[in-house]
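Under this note's numbering, the letters of the sequence shown match residues 46 to 512, in that order.
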Amino acid sequence: MFRVKLAVKMSSVALVGILAIPAAAYAGNEEVDMPEPTAPNAFKSLSDEMRVEVFLHLNADELKSVRVVSEEFQRIADDWALWKHNSAQLPARELFRLRKVNPALEDIADDEVARRMPLSSVAGTGDVFPLGQPVPAATDNIPGSDETLAFPMGLATDDAGNTYIAEGGRHQVRRVSPDGTISTVAGSGAYGQEGDGGDALHAQLGGPTDVVLDRAHNLLYIADMTLHLVRCVDLNTGIISTVAGINTPQQVGADDLAVNIALFMPLSIAVDSGGNLFIAELGRNRIRRVDFMTNVITTVAGTGVAGSSDDGINATEANLNAPNGIAVDSEHNILYIADSQNHLVRQVDLSTNVISTVAGTGVRGDGPDGLEALDTALDLCDDVHLDAERRHLYISDTGNHRIRRLDLSTNRMSTVIGTGVAGNSVNGMLPYSTSVQHPAGVVQDHLGNVLFTDIDTQRVWRFLPQL
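What follows is the structure in structure tokens.
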């Protein structure tokens, strides 16, 4: 005889007791005396609810303990097909956790992941337009996955489920609605600067490389890189305007109104909770900030000279080398920078303006998963995105054909998509076994899906990352 406590949080000992009697016999947290289990159909007597609980709370070590109780338990532990019907009820977090128990359960979990959350195409067909080749006009109001894209780069999403795409090759910004239909929100398709003060659909753009929404999702900012401008579309009125830059790369002005200052290749943009605009100025290796209230632009990081610098100094005295993506944590007052050519992710404490490194070794490479972020080599990281809970930082490790995730609580790195080898993604594939090619822009939507642009195939993909 042995004694067990039936509780919500079950161990292998609890499992032993539960399998010894019909599910209807247990009640809450009561303690009961039971004989050693011998009934061949004991497992089948469990209710679906109890099977789910067992399914959720058995880890690999507990499973080993269960196997030694009796031959019946060994059969139950080994025959995971008995558990398969529960997989459809499990949240994503538990599915990914259960993958690690044993190969049989990994197969069950993978089948459910493939059914529920496969890699899917948001926009683009995979047809590629080489540089210099004429690009056909955009087609609106068709499924995004049926529309060719020309050099999609930065992405933004809103809480309504819309995805915004900076399509540099067509000089436009596209929007994919929740039902998958693609349309144009800015840019006539002609290269140029004209159109401020008018309808964004009739305005000219010049190779947009990034987009970002303000906190209220009323304003859409566009990094109009080759025109050296940042534009803004009021989504309520459809009117476009310039908020930073003067359409010349020549050095003009210091700290002044943003519309009076020359920018040089503004590649990436971010907005904090106060509406302040941050600009990664690729051509001058700096990060700039435009104050929402005054429209005055200042330098936040970078000296204007390409290079690398030690941590712990004022960010304006630190050299950057081709800063690409940026992200802002307004709650903790931190700016993250993809310091691409230094193969690092840097952070600036905006309270003290001190810069430090959060990921990368500074040496180009492909570090394995599970290491401390500072011990993980990166290769030309192109973008960074902070999730809504501010728990994870997603990194486009472009040269390694991966998207990494930095757990900010443990400082550990993992890969959420990509094998490290360039390859073509296919609809329905599992994210953790999918090859991608030079991922660039990365963002997470309100449902937790990660979206990214694949430079080589000129597509936008979506997947639910392993938790």
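We put the beta carbon where it would ideally sit given N, CA and C, even for glycine. Remember, it's a predicted structure, so these values are computed and weren't measured experimentally.
Check                                                                                                                           : Outcome
Residue burial classification, Met338 (beta-carbon count within 10 angstroms, cutoff 16)                                        : exposed
Contact set for Asp301: own chain, Cβ-Cβ below 8 angstroms, skip 5 residues either direction                                    : Val341, Ile342
Cβ neighbour criterion (16 or more within 10 Å) applied to Trp506                                                               : buried
Same chain only: Cβ atoms within 8 angstroms of Asn263, ignoring 5 sequence neighbours per side                                 : Asp279, Leu280, Asn281
Own chain, CB closer than 8 angstroms to Val297, minus 5 neighbours either side, in chain order                                 : Confidence at Val297 is low in this model, with a pLDDT of 49, below 50, so the placement of that residue should be treated as unreliable; the coordinate-derived value is given next. Correct list, in chain order: Ile291, Asn305, Ile306, Ala307.
Helix, strand or coil at Ile500 [DSSP, three-state]                                                                             : coil
Inter-residue spacing [alpha-carbon to alpha-carbon] between Val373 and Asn321                                                  : 10 angstroms
4 or more residues per run - each alpha helix (DSSP H) lying fully within the segment 144 to 206                                : 148 to 161
Spatially closest choice to Ile227 from Gly415, Asn207, Gly468, Gly370, by CA coordinates                                       : Asn207
Neighbourhood of Ala422 by C-beta distance below 8 angstroms, restricted to the same chain and skipping five residues each side : His388, Gly405, Thr406, Val408, Arg409, Gly410, Asp411, Gly412
Own chain partners of Pro294 with C-beta closer than 8 angstroms, once the 5 adjacent residues on each side are dropped         : His273, Ala307, Leu308, Phe309, Met310, Gly328
Cβ neighbour criterion (16 or more within 10 Å) applied to Arg449                                                               : buried
Bridge partners - Ser313, DSSP secondary structure assignment                                                                   : Ala325
Residue from Asn398, Ser385, Ser478, Asn469 whose Cα sits closest to the Cα of Gly443                                           : For the record, residue 443 in the displayed sequence is Thr; it is not Gly. Measuring from the Cα of Thr443, the nearest candidate turns out to be Ser385.
Buried versus exposed call for Gln178 [16 or more other C-beta atoms within 10 Å across all chains shown]                       : exposed
8 angstroms contact criterion, which Arg215 and Val180 should meet: CB distance rounded                                         : 6 angstroms
Reduced DSSP category for Ala245 - H, G, I as helix; E, B as strand; rest coil                                                  : helix
Residue burial classification, Arg333 (beta-carbon count within 10 angstroms, cutoff 16)                                        : buried
Sequence-distant residues of the same chain with beta carbon closer than 7 angstroms to Leu395, five excluded per side          : Asn378, Ile379, Leu380
CA-to-CA distance, Thr348 to Asn398, given in whole angstroms                                                                   : 13 angstroms
Residue from Gly473, Ile382, Leu496 with nearest C-alpha to Asp428                                                              : Ile382
Coil, strand or helix - Met270 by DSSP                                                                                          : helix
Cβ separation of Asp255 and Met198, assumed to be a contact under 8 angstroms, to the nearest whole Å                           : 6 angstroms
Entirely enclosed alpha helix (DSSP H) segments - the segment 413 to 451, minimum 4 residues                                    : none
Backbone secondary structure at Val399 - three-state DSSP                                                                       : strand
For Ser354, three-class secondary structure by DSSP                                                                             : coil
Assigned exposure category for Asn186 - 16 Cβ within 10 Å defines buried                                                        : exposed
Contact set for Thr229: own chain, Cβ-Cβ below 8 angstroms, skip 5 residues either direction                                    : Ala183, Asp185, Gln217, Val218, Arg219, Arg220, Leu246
Nearest candidate by alpha-carbon position, reference Ser165, set Gln489, Phe497, Gly473                                        : Gly473
Classification of Asn330 by the beta-carbon crowding that lies within 10 angstroms, buried from 16 upward                       : buried
Residue environment, Val488, which counts as buried when at least 16 other CB atoms sit within 10 Å                             : buried
Within 7 angstroms, strictly: CB atoms of Gln482 and Val173                                                                     : no
Top-ranked residue by Cα proximity to His437, from Ser190, Ser233, Ala248, Val461                                               : Val461
Span separating the alpha-carbon of Leu140 from that of Gln511                                                                  : 9 angstroms
Reduced DSSP secondary structure (H/G/I, E/B, other) of Arg409                                                                  : coil
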